[in-house]
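Participant:
Numbering (the numbering used here), first residue to last: 37 to 598.
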């Protein structure tokens with residue numbers, strides 16, 4: 037039999053509703069991946085990558101999102117305004133006025149840049165400074181914003197030459213120069229040579245990483261863009277090392293460098309991540325190779341936190357993201373594991389691919405890249421750690437016990453959700469507690485055709501995690517009534533049907549008073565209903581709120597004992 041719930045809440049419960057402030061957050065939207073992120077002075081975050089505008093499905097290689105300090109979306113820009121024939125965004129930088137600069141390459145080769153204002157509106161673009169010298173960044177290019185605001189774009193062209201341009205904050209060309217790649221020896225592919233990172237340095241200059249056959253390479257330039265030194269670092273024995281990402285280089289607090297990359301040991305489709313630590317003069321201090329057991333685990337990224345290093349691989353292959361905590365000597369001391377419940381029956385059983393790791397101003401850091409959630413679709417993704425570098429046990433699509441309809445609150449509406457879906461069965465979750473925190477839970481599915489299943493949202497309705505929607509799930513609603521949680525979705529409710537008092541008197545007398553509560557009227561009658569929830573507010577000091585009672589008898593809606 038269908039269960040109906042008639043629920044009444046009093047204002048005293050409203051005092052329980054307190055916002056939850058969380059340092060850690062996650063943001064995911066339709067799209068492929070985040071290419072770059074940058075934190076502004078107020079803690080807001082710009083994210084640049086490949087995404088689209090839903091539901092129009094306008095695809096963009098330079099989709100920009102601005103998030104506030106809590107990971108809430110402030111605005112998006114789909115990159116349609118710049119005048120370039122075709123543009124792929126590679127890096128994003130705060131412009132100091134609440135907006136940002138986006139750099140990348142236009143027409144598949146030419147370095148270019150455009151500006152968005154504080155509201156995400158297009159202001160200007162420029163590639164007019166691209167000359168014959170700088171028009172050949174065939175392999176993407178990378179950029180860094182120097183400490184004085186200048187932006188340097190550098191990359192490899194199809195003539196195996198590294199081209200560099202220095203751009204002012206008004207889009208004007210300040211300088212340009214080039215350097216030949218070291219092509220001595222056999223090269224496996226352009227990955228042997230291509231840029232793998234560029235970072236501003238504390239002395240006002242920048243460092244640039246690339247490679248040559250058998251070696252990773254690091255170059256240093258001063259504040260006047262003069263070359264200072266180049267150092268090479270041999271690949272591991274019987275291995276080929278490369279860096280397919282353009283954000284694999286960081287400067288450390290001691291003036292040295294972290295250089296992350298990938299390693300193939302010669303076994304087909306078997307990879308590792310790598311991290312090298314160099315001193316301020318580019319001398320190698322240590323190198324660490326990372327793989328926790330997955331075949332495809334490449335593209336390491338690393339950040340420094342409190343004298344230690346946290347390194348991440350791009351793809352751990354087991355429905356999770358995997359990281360290492362390394363000590364000052366590069367030795368693993370601990371590991372970090374972020375479970376991500378995602379597509380477990382089709383393409384994309386990979387968890388999150390980490391394309392970038394960047395420090396945050398509160399002492400933590402960001403991870404950015406892509407993931408496949410339960411529906412097997414890719415997501416444009418940014419994660420923010422707590423200030424101590426930790427992450428919660430669950431980040432995306434978490435079950436908060438008591439929020440049965442997944443609207444961000446535990447309230448009377450959740451009892452309706454339980455009643456409507458009473459008796460449904462699915463996957464039990466590992467943590468069956470009903471304390472108010474996000475619980476990791478596998479998506480519930482139902483058969484759609486002989487060969488395919490579709491998702492439903494009933495994992496949220498199973499508040500106690502036992503795999504069955506039933507009476508016991510209401511205990512979580514009662515225990516957490518009035519609480520909300522981060523990453524709230526928009527709350528919805530039935531509209532247009534009035535709920536109102538119809539008192540026969542205008543003044544209450546001492547003692548018992550009875551006031552009818554009516555649902556619907558002549559204009560909007562109620563013919564069918566699952567349940568009703570409302571709040572009674574008592575403002576008079578002469579009324580004892582604890583004495584309020586609701587009485588109802590048998591009706592077409594339900595019996596008095598239901």
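Heads up, the beta-carbon is just placed ideally off N, CA and C, and yes, glycines get one too.
Could you compute how far the alpha carbon of residue 257 sits from the alpha carbon of residue 115?
Facilitator: Position 221 of the chain shown, counting from 1, holds the residue named residue 257. Position 79 of the chain shown, counting from 1, holds the residue named residue 115. Cα to Cα, residue 257 sits roughly 32 Å from residue 115.
Participant: Could you have a look at residue 220 and say whether DSSP puts it in helix, strand or coil?
Facilitator: Reading the chain shown from its first residue, position 184 is the one you call residue 220. If DSSP states are grouped into helix, strand and coil, residue 220 belongs with coil.
Participant: Is residue 263 buried or exposed, if buried means 16 or more other CB atoms sit within 10 Å of its CB?
Facilitator: Residue mapping note: residue 263 aligns to position 227 of the chain shown, counting from 1. Its Cβ having fewer than 16 others within 10 Å, residue 263 is exposed.
Participant: Secondary structure at residue 384, three-state DSSP: helix, strand or coil?
Facilitator: Residue mapping note: residue 384 aligns to position 348 of the chain shown, counting from 1. The pLDDT assigned to residue 384 is 42, lower than 50, so where the model puts this residue is not dependable; a value taken from the coordinates is nonetheless given after this. Of the three classes helix, strand and coil, the one that applies to residue 384 here is coil, per DSSP.
Participant: Can you list, in chain order, the residues of its chain with a C-beta nearer than 7 Å to that of residue 434? Leave out the 5 residues immediately preceding and following it.
Facilitator: Walking along the chain shown from the start, residue 434 turns up at place 398. Same-chain partners within the cutoff: 474, 475, 476.
Participant: To which residues does DSSP link residue 393 through a beta bridge?
Facilitator: The sequence position of residue 393 within the chain shown is 357, counting from 1. Bridge partners of residue 393: 403.
Participant: Residue 146 to residue 418, Cα distance in whole Å?
Facilitator: On the chain shown, position 110 is the one that residue 146 refers to. On the chain shown, position 382 is the one that residue 418 refers to. One C-alpha to the other measures close to 28 Å.
Participant: Would you kindly work out how many angstroms separate the C-alpha atoms of residue 99 and residue 507, rounded to a whole number?
Facilitator: The residue you call residue 99 lines up with position 63 of the chain shown. The residue you call residue 507 lines up with position 471 of the chain shown. Answer to the nearest angstrom: the Cα atoms are 46 Å apart.
Participant: Whose C-alpha, out of 409, 550, 447, 358, is nearest the C-alpha of residue 426?
Facilitator: Counted from its first residue, the chain shown places residue 426 at position 390. When each option's Cα is compared against that of residue 426, the closest is 358.
Participant: Could you check whether the stretch 279-296 touches the stretch 305-318, counting it as contact only if at least three pairs of C-beta atoms, one from each stretch, sit closer than 8 Å?
Facilitator: The answer is yes - the stretch 305-318 touches the stretch 279-296, with three or more Cβ pairs under 8 Å.
Participant: Kindly give me the distance between the Cβ atoms of residue 181 and residue 236, rounded to whole angstroms, as I take these residues to be in contact under 8 Å.
Facilitator: Start at 1 with the first residue of the chain shown, and residue 181 comes out as number 145. Start at 1 with the first residue of the chain shown, and residue 236 comes out as number 200. That belief holds up - the Cβ atoms of residue 181 and residue 236 are roughly 6 Å apart, short of 8 Å.
Participant: Just list the residues that DSSP pairs residue 416 with in beta bridges.
Facilitator: Counted from its first residue, the chain shown places residue 416 at position 380. The partner list for residue 416 (beta bridge, DSSP) reads 65, 406.
Participant: Indicate whether residue 240 and residue 259 have their beta-carbon atoms separated by less than 7 Å.
Facilitator: Sequence index remark: in the chain shown, residue 240 carries index 204 (1-based). Sequence index remark: in the chain shown, residue 259 carries index 223 (1-based). Result yes, Cβ atoms of residue 240 and residue 259 sit closer than 7 Å.
Participant: How big is the Cα-Cα spacing for residue 184 and residue 368?
Facilitator: Here the question's residue 184 lines up with position 148 in the chain shown. Here the question's residue 368 lines up with position 332 in the chain shown. Their Cα atoms are separated by approximately 36 Å.
Participant: In this structure, what does DSSP give as the bridge partners for residue 474?
Facilitator: Along the chain shown, read from residue 1 onward, the residue named residue 474 stands at position 438. In the DSSP output, where bridge partners are listed per residue, residue 474 has none listed.
Participant: Measure the Cβ-Cβ separation of residue 177 and residue 189 and say whether it is below 7 Å.
Facilitator: As a first step, residue 177 is located in the chain shown; it is residue number 141 there, counting from the start. As a first step, residue 189 is located in the chain shown; it is residue number 153 there, counting from the start. Yes.
Participant: Cα-Cα, which of 276, 162, 64 is closest to residue 207?
Facilitator: Counting from 1 along the chain shown, the entry for residue 207 is found at position 171. If we check each option's Cα against that of residue 207, 162 comes out closest.
Participant: If you run the structure through DSSP and keep just helix, strand and coil, what is residue 340?
Facilitator: Along the chain shown, read from residue 1 onward, the residue named residue 340 stands at position 304. In this structure, residue 340 counts as strand in the three-state DSSP scheme.
Participant: Curious, which full-length beta strand (DSSP E) runs of at least 3 residues does the stretch 124-210 contain?
Facilitator: Counting whole runs of 3 or more residues, the stretch 124-210 contains the beta strand (DSSP E) stretches 136-142, 146-152, 158-162, 178-181, 187-192, 197-203.
Participant: Specify whether the stretch 531-550 and the stretch 459-471 touch according to this definition: at least 3 beta carbon pairs, one from each stretch, less than 8 Å apart.
Facilitator: They do not touch, by the three-pair rule.
Participant: Quick check on residue 509: does DSSP put it in helix, strand or coil?
Facilitator: As a first step, residue 509 is located in the chain shown; it is residue number 473 there, counting from the start. Three-state result, residue 509: helix.
Participant: Let me check you understand the geometry: is the CB of residue 336 closer than 6 Å to at least one non-hydrogen atom of the ligand MN?
Facilitator: Among the ligands in the structure shown, none appear at all, so the ligand MN cannot be discussed.
Participant: State the beta-bridge partners of residue 536 as determined by DSSP.
Facilitator: On the chain shown, residue 536 is found 500 positions in, with the first residue counted as 1. DSSP output for residue 536 lists 554 as bridge partner(s).
Participant: Strictly by DSSP, which residues pair up with residue 367?
Facilitator: In the chain shown, residue 367 corresponds to position 331, counting from 1. The partner list for residue 367 (beta bridge, DSSP) is empty, contrary to what the question assumes.
Participant: Since residue 454 is in the alpha helix (DSSP H), which residue starts that stretch and which ends it?
Facilitator: As a first step, residue 454 is located in the chain shown; it is residue number 418 there, counting from the start. From DSSP, the alpha helix (DSSP H) with residue 454 extends over 448-456.
Participant: Looking at residue 503 and residue 462, is the spacing between their C-beta atoms short of 7 Å?
Facilitator: Here the question's residue 462 lines up with position 426 in the chain shown. Here the question's residue 503 lines up with position 467 in the chain shown. Yes, the Cβ-Cβ distance between residue 462 and residue 503 is below 7 Å.
Participant: Sorted by chain position, which residues of the same chain lie with C-beta nearer than 7 Å to residue 515's C-beta, five sequence neighbours on each side aside?
Facilitator: As a working note, residue 515 is residue 479 in the chain shown. So the list reads 438, 470, once near-sequence residues are dropped.
Participant: On a Cα-Cα basis, can you pick out the residue from 360, 364, 325 that is closest to residue 342?
Facilitator: Locating residue 342 in the chain shown gives position 306, where the first residue counts as 1. Nearest of 360, 364, 325 to residue 342, Cα basis: 364.
Participant: Who are residue 297's beta bridge partners in DSSP?
Facilitator: Taking the chain shown and counting its residues from 1, one reaches residue 297 at position 261. DSSP output for residue 297 lists 310 as bridge partner(s).
Participant: Helix, strand or coil, according to DSSP, for residue 243 in the structure here?
Facilitator: Here residue 243 refers to the residue found at position 207 when the chain shown is read from its first residue. Note: residue 243 maps to strand in three-state DSSP.
Participant: Suppose you measure from the CA of residue 432 to the CA of residue 542; what does that come to, to the nearest Å?
Facilitator: Taking the first residue of the chain shown as 1, we reach residue 432 at position 396. Taking the first residue of the chain shown as 1, we reach residue 542 at position 506. In a straight line, the C-alpha of residue 432 is about 51 Å away from that of residue 542.
Participant: Using C-beta distances below 7 Å, list every residue in its chain close to residue 282, excluding the 5 sequence neighbours before and after it, in chain order.
Facilitator: Your numbering for residue 282 matches position 246 in the chain shown. So the list reads 126, 176, 178, 231, 232, 233, once near-sequence residues are dropped.
Participant: From which residue to which residue does the beta strand (DSSP E) around residue 325 run?
Facilitator: By one-based count along the chain shown, residue 325 stands at place 289. Segment 320-326, the beta strand (DSSP E) holding residue 325.
Participant: Where residue 527 and residue 448 are concerned, what is the direct C-alpha to C-alpha distance, given to the nearest angstrom?
Facilitator: Within the chain shown, numbered from 1, the residue matching residue 527 stands at position 491. Within the chain shown, numbered from 1, the residue matching residue 448 stands at position 412. Because the pLDDT at residue 527 is just 38, under 50, the model does not fix this residue reliably, and the point stays unresolved.
Participant: Beta-carbon within less than 8 Å of residue 119's beta-carbon, same chain only, minus the 5 sequence neighbours each way: which residues are those?
Facilitator: The residue you call residue 119 lines up with position 83 of the chain shown. Closer than 8 Å at the Cβ level, and outside the excluded window around residue 119, lie 161.
Participant: With a CB to CB cut of under 7 Å and the five nearest residues on each side skipped, what residues in its chain are close to residue 494?
Facilitator: By one-based count along the chain shown, residue 494 stands at place 458. Same-chain partners within the cutoff: 457, 460, 462, 480, 505.
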